[in-house]
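Trainee: Under numbering that gives the first Met the number 0, the first residue of the sequence shown carries the number 0, and numbering increases by one thereafter.
Have a look at this one before I ask anything.
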Amino acid sequence: MKKPDLPETEEARLKTLEEMNVLDTLPEERFDRVTRMAKNLFHVPIALVSLIDKDRQWFKSCDGLPVTETGRDISFCGHAILGDNTFYIPNALEDQRFFYNPLVTGDPNIRFYAGHPLKAANGEKIGTLCIIDSEPKELNEEELNCLAELANTVEQELCALEYSTLDELTNLSNYQGFKLMAKHYLDFNLKQQEHSSLVYFNLKHFKQINSKHGRSEGENTLQLFASVMRASFRPFDLLARIENDEFVALLFNSDIENAQGLIAHLSTNLEKVVTSLELKYDVDFSFGLAQCRRFDVNELEDYLHQAKEDMLNENEDSNEVILT
Numbered sequence: 000m001k002k003p004d005l006p007e008t009e010e011a012r013l014k015t016l017e018e019m020n021v022l023d024t025l026p027e028e029r030f031d032r033v034t035r036m037a038k039n040l041f042h043v044p045i046a047l048v049s050l051i052d053k054d055r056q057w058f059k060s061c062d063g064l065p066v067t068e069t070g071r072d073i074s075f076c077g078h079a080i081l082g083d084n085t086f087y088i089p090n091a092l093e094d095q096r097f098f099y100n101p102l103v104t105g106d107p108n109i110r111f112y113a114g115h116p117l118k119a120a121n122g123e124k125i126g127t128l129c130i131i132d133s134e135p136k137e138l139n140e141e142e143l144n145c146l147a148e149l150a151n152t153v154e155q156e157l158c159a160l161e162y163s164t165l166d167e168l169t170n171l172s173n174y175q176g177f178k179l180m181a182k183h184y185l186d187f188n189l190k191q192q193e194h195s196s197l198v199y200f201n202l203k204h205f206k207q208i209n210s211k212h213g214r215s216e217g218e219n220t221l222q223l224f225a226s227v228m229r230a231s232f233r234p235f236d237l238l239a240r241i242e243n244d245e246f247v248a249l250l251f252n253s254d255i256e257n258a259q260g261l262i263a264h265l266s267t268n269l270e271k272v273v274t275s276l277e278l279k280y281d282v283d284f285s286f287g288l289a290q291c292r293r294f295d296v297n298e299l300e301d302y303l304h305q306a307k308e309d310m311l312n313e314n315e316d317s318n319e320v321i322l323t
C-alpha cells in the first residue's frame, strides 16, 4: 500500500481549509443533493464530498457510508488532490498502490474509485467529489467530464458565491439552485437516452390562507408541502421552490406515466398529513407535466414554460387535487 504524498503547498492548503470554517460542520442540503445526484448518475452505492485535513479525510456530504471520516494515510482522495484531473481507479485490486489498502481488503471493499479535486477560491485543492463502488467499473470520457462538472458545482458552494442556491424557508433548491443542478443532470440523463419529466406545482388558494390565517400559517403551509414532497419523491429527484407558491420536481428516469404515479403518491401522502394535522383550511395543488426529450441550456426555460402552461390549461377535474 502506498500512502498519499503531501502536496507541495500543503501548509497553505491546510490554512485555506481551516479558514473556510467548513470542517466538522453539520450536513447541508446544497452538498447532499450533489452526492445524491452522483450516486444516481453513475449507478454507484457511495458518493462523497471529502475534505482532506492534516491526518484525516472528513466527509462534508456522505451518501452510502456509515462513517464521517477515515484516516488520510489510507485515503484514495489524498492521492486525488495531487493532480488537476479526475483520479480514476477502475479496479483497486489491480493497482499496486491500493490492493493492500484496508479500505479495499475490508469495508467498504473499494474496487472502483473516481475522485475529482475540489479547488478553493485561491486554487488550493482541499478535497474531492468522489464516487465509489465495490465492483470494478469503467468510465468513458463523457462520464469523467460529468463528474468534473459536478465537482465544479461543489466548488461554487464551497466558495460561498454571492447568491444562495437554497430556499431558506423550505430548504429545497431555489430557482438558481434548480438551474444549476438541472443543467448537469438533464444533459447527462438525456445523453444516456433516459426519460426525464418536469412537474410544475401551484398551491391553490395560498393567498387566501395568507390573508385569512396570517403570514406564519402561510409559511407553515409552504414548509408542509415541501416536507411531503421530500417524503414522496425519490432521493435523487430534484425538487425546488421557484416562486412564492410554485414548486417544481425534475424526475429522472421517469416518463409521463411514471411521473403521474409519483404525483399520485404525493397526493396520498399530503392528504394523510393534512388530515392528521386537522388544519382549519384546505391544502390543494394543481400541476402540469412536460417530457424532457432533448436538452441544451436554453431549453430548460422551455420545459418550465411547457409544464406551467399544461398546469394552467388542464381541466380542474382531470388535473387538480383537492385535499381537505
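Backbone N, C-alpha and C fix where the C-beta goes; we use that ideal spot for every residue, glycine too.
These figures come from a predicted structure and were not determined experimentally.
Apart from the five residues on each side of it in sequence, which residues of its chain come closer than 7 Å, Cβ to Cβ, to residue 110?
Mentor: If you number the sequence shown from 1, residue 110 lands on position 111. Closer than 7 Å at the Cβ level, and outside the excluded window around residue 110, lie 90, 91, 92, 132, 133, 134 and 135.
Trainee: Rounding to the nearest angstrom, what Cα-Cα distance links residue 41 and residue 112 in this structure?
Mentor: Taking the first residue of the sequence shown as 1, we reach residue 41 at position 42. Taking the first residue of the sequence shown as 1, we reach residue 112 at position 113. Cα to Cα, residue 41 sits roughly 11 Å from residue 112.
Trainee: Within 8 Å, do at least three Cβ pairs link the region 237 to 245 to the region 20 to 30?
Mentor: The answer is no - the region 237 to 245 does not touch the region 20 to 30, with fewer than three Cβ pairs under 8 Å.
Trainee: For the beta strand (DSSP E) containing residue 282, name the first residue and the last one.
Mentor: Working through the sequence shown from its first residue, we reach residue 282 at position 283. Note, residue 282: beta strand (DSSP E), 282 to 291.
Trainee: Buried or exposed: residue 158, going by 16 or more other Cβ atoms within 10 Å of its Cβ?
Mentor: Here residue 158 corresponds to residue number 159 of the sequence shown, with the count starting at 1. Classification for residue 158: exposed.
Trainee: Out of 304, 222 and 123, which one is the CA nearest neighbour of residue 82?
Mentor: Reading the sequence shown from its first residue, position 83 is the one you call residue 82. Out of 304, 222 and 123, 123 has the C-alpha closest to the C-alpha of residue 82.
Trainee: Assuming contact is defined by CB atoms lying nearer than 8 Å, are residue 290 and residue 255 in contact in what I supplied?
Mentor: The sequence position of residue 290 within the sequence shown is 291, counting from 1. The sequence position of residue 255 within the sequence shown is 256, counting from 1. Taking 8 Å as the Cβ cut-off, residue 290 and residue 255 qualify as a contacting pair.
Trainee: Among 58, 169 and 127, whose alpha-carbon lies nearest the alpha-carbon of residue 220?
Mentor: As a first step, residue 220 is located in the sequence shown; it is residue number 221 there, counting from the start. The candidate whose alpha carbon is nearest that of residue 220 is 169.
Trainee: On the three-state DSSP scale, how would you describe residue 87?
Mentor: As a working note, residue 87 is residue 88 in the sequence shown. If DSSP states are grouped into helix, strand and coil, residue 87 belongs with the strands.
Trainee: Which whole runs of the alpha helix (DSSP H) in the region 50 to 111 are 4 residues long or more, in chain order?
Mentor: Taking only runs of at least 4 residues, the alpha helix (DSSP H) segments lying wholly in the region 50 to 111 are 76 to 79 and 101 to 104.
Trainee: Roughly how many angstroms separate the alpha carbons of residue 53 and residue 7, rounded to a whole number?
Mentor: Taking the sequence shown and counting its residues from 1, one reaches residue 53 at position 54. Taking the sequence shown and counting its residues from 1, one reaches residue 7 at position 8. The straight-line gap from Cα to Cα measures roughly 14 Å.
Trainee: Taking the continuous alpha helix (DSSP H) assigned at residue 309, which residues delimit it?
Mentor: As a first step, residue 309 must be located in the sequence shown, where it is residue number 310. Per DSSP, residue 309 belongs to the alpha helix (DSSP H) from 298 to 312.
Trainee: Give the secondary structure of residue 161 by DSSP, where H, G and I count as helix, E and B as strand, and everything else as coil.
Mentor: The sequence position of residue 161 within the sequence shown is 162, counting from 1. Since pLDDT at residue 161 reaches only 46, below the 50 mark, its modelled position is unreliable, and the value read off the structure follows with that caveat. Coil, per DSSP.
Trainee: Would you report the Cα separation of residue 250 and residue 195, rounded to the nearest angstrom?
Mentor: For the purposes of this step, residue 250 is identified with residue 251 of the sequence shown, where counting begins at 1. For the purposes of this step, residue 195 is identified with residue 196 of the sequence shown, where counting begins at 1. About 6 Å.
Trainee: Check for me: the alpha helix (DSSP H) holding residue 247 runs from which residue to which?
Mentor: Numbered from its first residue, the sequence shown carries residue 247 at position 248. Residue 247 -> not in any alpha helix (DSSP H); beta strand (DSSP E) instead, spanning 245 to 251.
Trainee: Starting from residue 203 and walking both ways along the alpha helix (DSSP H), at which residues does that stretch end?
Mentor: Translated into positions along the sequence shown, residue 203 becomes position 204. From DSSP, residue 203 is part of no alpha helix (DSSP H); its letter is neither H nor E.
Trainee: Between the C-alpha atoms of residue 129 and residue 274, what's the straight-line distance to the nearest angstrom?
Mentor: Counting from one through the sequence shown, the residue named residue 129 turns up at place 130. Counting from one through the sequence shown, the residue named residue 274 turns up at place 275. Computed Cα separation, rounded: 43 Å.
Trainee: Quick one: what does DSSP say residue 127 is sitting in, helix, strand or coil?
Mentor: Along the sequence shown, one-based indexing puts residue 127 at 128. Correct three-state label for residue 127: strand.
Trainee: Quick one: what's residue 115 bridged to in DSSP?
Mentor: Counting from 1 along the sequence shown, the entry for residue 115 is found at position 116. For residue 115, which the question treats as bridged, DSSP gives the partners 128.
Trainee: Using the Cα positions of residue 161 and residue 101, report the straight-line distance between them to the nearest angstrom.
Mentor: The sequence position of residue 161 within the sequence shown is 162, counting from 1. The sequence position of residue 101 within the sequence shown is 102, counting from 1. Unreliable positioning characterises residue 161 in this predicted model, as indicated by a pLDDT of 46, which lies under 50. The coordinate reading is nonetheless provided below. Going from the Cα of residue 161 to the Cα of residue 101 covers about 41 Å.
Trainee: Output the distance between the C-alpha atoms of residue 44 and residue 61, rounded to the nearest integer angstrom.
Mentor: On the sequence shown, position 45 is the one that residue 44 refers to. On the sequence shown, position 62 is the one that residue 61 refers to. Whole-angstrom Cα-Cα distance: 11 Å.
Trainee: Suppose you measure from the CA of residue 4 to the CA of residue 39; what does that come to, to the nearest Å?
Mentor: The residue you call residue 4 lines up with position 5 of the sequence shown. The residue you call residue 39 lines up with position 40 of the sequence shown. Each residue's Cα considered, the two are about 32 Å apart.
Trainee: For residue 233, does the three-state DSSP call read helix, strand or coil?
Mentor: Here residue 233 refers to the residue found at position 234 when the sequence shown is read from its first residue. Note: residue 233 maps to coil in three-state DSSP.
Trainee: Which residue comes first and which comes last in the alpha helix (DSSP H) that contains residue 260?
Mentor: Start at 1 with the first residue of the sequence shown, and residue 260 comes out as number 261. Looking at the DSSP string, the run of the alpha helix (DSSP H) that includes residue 260 is 255 to 276.
Trainee: What residues match up with residue 47 in a beta bridge as DSSP calls it?
Mentor: Position 48 of the sequence shown, counted from the first residue, corresponds to residue 47. The partner list for residue 47 (beta bridge, DSSP) reads 61 and 129.
Trainee: Note down, in chain order, each residue of its chain lying with its Cβ closer than 7 Å to the Cβ of residue 208, except the 5 sequence neighbours on either side.
Mentor: On the sequence shown, position 209 is the one that residue 208 refers to. Contacts found: 216, 217, 220 and 280.
Trainee: Could you tell me which residues DSSP pairs with residue 239 in its beta bridges?
Mentor: As a first step, residue 239 is located in the sequence shown; it is residue number 240 there, counting from the start. DSSP output for residue 239 lists 172 and 247 as bridge partner(s).
Trainee: In the DSSP assignment, find the unbroken alpha helix (DSSP H) run with residue 37 in it and report its ends.
Mentor: Numbered from 1 along the sequence shown, position 38 holds the residue referred to as residue 37. Run containing residue 37: 28 to 41, per the alpha helix (DSSP H) assignment.
Trainee: Find the nearest neighbour of residue 9 within the set 78, 47 and 33, judged by alpha-carbon distance.
Mentor: Mapped onto the sequence shown, residue 9 falls at position 10. For the residues 78, 47 and 33, the minimum Cα distance to residue 9 belongs to 78.
Trainee: State the start and end residues of the unbroken alpha helix (DSSP H) segment that holds residue 15.
Mentor: Against the sequence shown, residue 15 aligns to sequence position 16. Unbroken alpha helix (DSSP H) run through residue 15: 9 to 18.
Trainee: Whose C-alpha, out of 230, 153, 282 and 185, is nearest the C-alpha of residue 212?
Mentor: Translated into the one-based positions of the sequence shown, residue 212 becomes position 213. For residue 212, the nearest C-alpha among the options comes from 282.
Trainee: Enumerate in chain order the residues of its own chain whose CB-to-CB distance from residue 47 is below 6 Å, with the five nearest sequence positions on each side excluded.
Mentor: As a working note, residue 47 is residue 48 in the sequence shown. Excluding sequence neighbours, residue 47 sits near 58, 61 and 129.
Trainee: Whole-angstrom Cβ separation of residue 272 and residue 227, contact assumed at under 8 Å?
Mentor: Taking the sequence shown and counting its residues from 1, one reaches residue 272 at position 273. Taking the sequence shown and counting its residues from 1, one reaches residue 227 at position 228. With 8 Å as the limit, residue 272 and residue 227 qualify as a contact, their Cβ atoms being about 6 Å apart.
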